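> The sequence shown lines up with residues 812 to 1146 when you count with this note's numbering.
Idealized CB from N, CA, C, for every residue including glycine.
In this text, all values refer to a predicted model and were calculated from it rather than measured experimentally.
Here you go, one structure.
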Amino acid sequence: MLRGIAQAQDKARELGINGISLEIVIADDNNDIATAQEIAPILAADPMILAVIGSNASGPSLSSAPIYQQTRIVMISPTSFSGDLSGFGDYIFRTIPNISSQVKTLASYAVNQSKKQRFLICSDTGAMDNQIFQQEFTQAVISLNVEVLPTACDIAQPSFDAAATLKQAISQGADALLIAPHVDYPERGIQLAQAAQGKLALFASPTLYNSTLLSAAGNNLKNLVIAAPWYADSNSTTSFLAQAQQRWGDTSLTWRTATSFDATMAIAAALGQIPPEQPWGRSQLQQQLRSPGFKAQGAGETVQFLPTGDRAGKAILLRVQKRAREQGYEFKALT
């Protein structure tokens, strides 16, 4: 997230916002609900702070959103999945599409294109975002008349036995596996995918769209399909990626970097659209973001908000595959 925010800060300075640069204050809630609730009133009480970008996870976002809404300070979460943020209030926004659209896109592909009929679904019960993802995925595939095994599969449990769980699922006729790990522990999901040894078709939440997975990728992870709100190889992201490479020395960015960039650029664009005769303030910023014609250039697609505060847009499906001209693996968009 911080990479995306910092890069947008530079971009906003380059473009100019009535001759004023953005100043960023960093507050870390460590993906903790109680900490987010403690931080929110402090930020809201500082009149110099016009908006908040965050939180990362749904739990902290939902716990702090009432405070930001009540105190009338814009909150834009670039990464939270929870559907409860949709329509939460007129000061609450997200720079990812509603998670339902991502889930439905992935479920439709898994059932209608990949022709899978029996799913094992594994998630981290300590991750609210991915609990939401797996619950919505379960409902989506069942609505498409396929089966979800009742097998309990909590990869956060210390006693979790991936090999035994997968063996049981395969014996019950499973032909597909959905993985929804915790953002702080993606390796749990990666290890589970590897343990499947190519015997199940693999699908995952956006949490596994990261360089850690590609570093671990081999034949056992090949063809894993992920739903994501952004794709690093999209033609429309060329400028963003080039600037990221220059600033950070690589282009192995996650969607969280891109959507955090988008949240910051949305704030910058909204501030730039406040009429010169009006003071810069929280209400003026919110009014611009809520304007029906509001647009901001993001890392890829244009940033626009629905009346719910969700980003207008759709999910992208990515597949893990071997690189064509060099060693290693990459994410490639499904067409």
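Can G894 and I884 be called in contact, C-beta distance under 9 angstroms?
Residue mapping note: residue 894 aligns to position 83 of the sequence shown, counting from 1. Residue mapping note: residue 884 aligns to position 73 of the sequence shown, counting from 1. In this structure, I884 does not lie closer than 9 angstroms to G894 by Cβ.
> To which residues does DSSP link M886 through a beta bridge?
As a first step, residue 886 must be located in the sequence shown, where it is residue number 75. Per DSSP, V863 and I903.
> Identify the continuous alpha helix (DSSP H) that holds K915 and give its terminal residues.
By 1-based counting over the sequence shown, the position of residue 915 is 104. Start and end: I910 to S919.
> Who pairs with L1013 in a beta bridge, going by DSSP?
Locating residue 1013 in the sequence shown gives position 202, where the first residue counts as 1. Answer by DSSP bridge pairing, in chain order: L988.
> Is the distance from the Cβ of G1104 to the Cβ of M1076 below 9 angstroms?
Residue mapping note: residue 1104 aligns to position 293 of the sequence shown, counting from 1. Residue mapping note: residue 1076 aligns to position 265 of the sequence shown, counting from 1. Contact flag unset, no.
> Straight-line CA distance for Y879 to P889?
Locating residue 879 in the sequence shown gives position 68, counting from the first residue. Locating residue 889 in the sequence shown gives position 78, counting from the first residue. If I take the Cα positions, the gap works out to 16 angstroms.
> Please state whether the Cβ-Cβ distance between I903 and T1070 is less than 9 angstroms.
Stepping through the sequence shown from its first residue, residue 903 is reached at position 92. Stepping through the sequence shown from its first residue, residue 1070 is reached at position 259. Not in contact: I903 and T1070 (Cβ atoms no closer than 9 angstroms).
> Name the DSSP bridge partner or partners of I1037?
Taking the sequence shown and counting its residues from 1, one reaches residue 1037 at position 226. Per DSSP, A1015 and L1129.
> Straight-line CA distance for D843 to S872?
The residue given as residue 843 occupies position 32 in the sequence shown. The residue given as residue 872 occupies position 61 in the sequence shown. Using only the alpha carbons, I get a separation of about 10 angstroms.
> Can you look up S934 in the DSSP assignment and give me helix, strand or coil?
Counting from 1 along the sequence shown, the entry for residue 934 is found at position 123. Of the three classes helix, strand and coil, the one that applies to S934 here is strand, per DSSP.
> Which whole-angstrom value describes the C-beta separation of L896 and L1096, a residue pair presumed to lie in contact below a C-beta threshold of 8 angstroms?
As a position in the sequence shown, residue 896 is number 85, starting the count at 1. As a position in the sequence shown, residue 1096 is number 285, starting the count at 1. With 8 angstroms as the limit, L896 and L1096 do not qualify as a contact, their Cβ atoms being about 19 angstroms apart.
> Go ahead and pull the three-state DSSP assignment for T1065.
By 1-based counting over the sequence shown, the position of residue 1065 is 254. T1065: coil per DSSP, three-state reduction.
> Do the CB positions of A1123 and T916 come within less than 9 angstroms of each other?
In the sequence shown, the residue the question calls residue 1123 occupies position 312. In the sequence shown, the residue the question calls residue 916 occupies position 105. Against a cut-off of 9 angstroms, the Cβ pair of T916 and A1123 comes out as no contact.
> Between which two residues does the beta strand (DSSP E) containing F948 stretch?
The residue you call residue 948 lines up with position 137 of the sequence shown. Not the beta strand (DSSP E): F948 falls in the alpha helix (DSSP H), residues M939 to S954.
> Am I right that T1023 and I1001 are in contact with their C-beta atoms under 8 angstroms? What's the rounded C-beta distance?
Within the sequence shown, residue 1023 is the residue found at index 212, counting from 1. Within the sequence shown, residue 1001 is the residue found at index 190, counting from 1. About 7 angstroms separates the two Cβ atoms, so the contact holds.
> Compute the Euclidean distance between the alpha carbons of K822 and E998, then round it to the nearest angstrom.
Here residue 822 is taken as the residue at index 11 of the sequence shown, counted from 1. Here residue 998 is taken as the residue at index 187 of the sequence shown, counted from 1. Taking the straight line joining both Cα atoms gives about 33 angstroms.
> Mind checking whether S1016 and P992 have CB atoms under 9 angstroms apart?
In the sequence shown, the residue the question calls residue 1016 occupies position 205. In the sequence shown, the residue the question calls residue 992 occupies position 181. Going by C-beta atoms, S1016 is nearer than 9 angstroms to P992.
> Do the stretch 978–987 and the stretch 927–934 meet, that is, are 3 or more Cβ pairs less than 8 angstroms apart?
Counting Cβ pairs under 8 angstroms, three or more are found: they touch.
> Near G1120, what residues of its chain come up, given a Cβ to Cβ distance below 8 angstroms and the 5 sequence neighbours on each side ignored?
Counting from one through the sequence shown, the residue named residue 1120 turns up at place 309. The residues are L896, S897, G898, F899, G900, D901, I903, F904 and R905.
> Taking buried to mean at least 16 other C-beta atoms within 10 Å of its own C-beta, is G1029 buried or exposed?
To locate residue 1029, count along the sequence shown from 1; it is residue 218. With fewer than 16 other Cβ atoms within 10 Å, it is exposed.
> Thinking just about the alpha-carbon of each residue, which of A1079, Y1140, M812 and I1085 is nearest to the one in E834?
Position 23 of the sequence shown, counting from 1, holds the residue named residue 834. Measuring from the Cα of E834, the nearest candidate turns out to be A1079.
> Compare the C-alpha of K935 against each of V914, N923 and F971 and name the closest.
In the sequence shown, the residue the question calls residue 935 occupies position 124. The residue you asked about is not Lys; residue 935 is Asp in the sequence shown. Selected option, being the one with the closest Cα: F971.
> Skipping 5 residues on each side, what residues in its chain have a beta carbon closer than 7 angstroms to that of Q1008?
Taking the first residue of the sequence shown as position 1, residue 1008 is located at position 197. Counting only Cβ-Cβ distances below 7 angstroms, and skipping sequence neighbours, we find N1031.
> Tell me the rounded alpha-carbon separation between L1003 and V959.
Sequence index remark: in the sequence shown, residue 1003 carries index 192 (1-based). Sequence index remark: in the sequence shown, residue 959 carries index 148 (1-based). Their backbone Cα atoms lie some 18 angstroms apart in a straight line.
> Give me the DSSP bridge partner(s) of Y1140.
Residue numbering aside, residue 1140 sits at position 329 when the sequence shown is read from its first letter. The partner list for Y1140 (beta bridge, DSSP) reads K1133.
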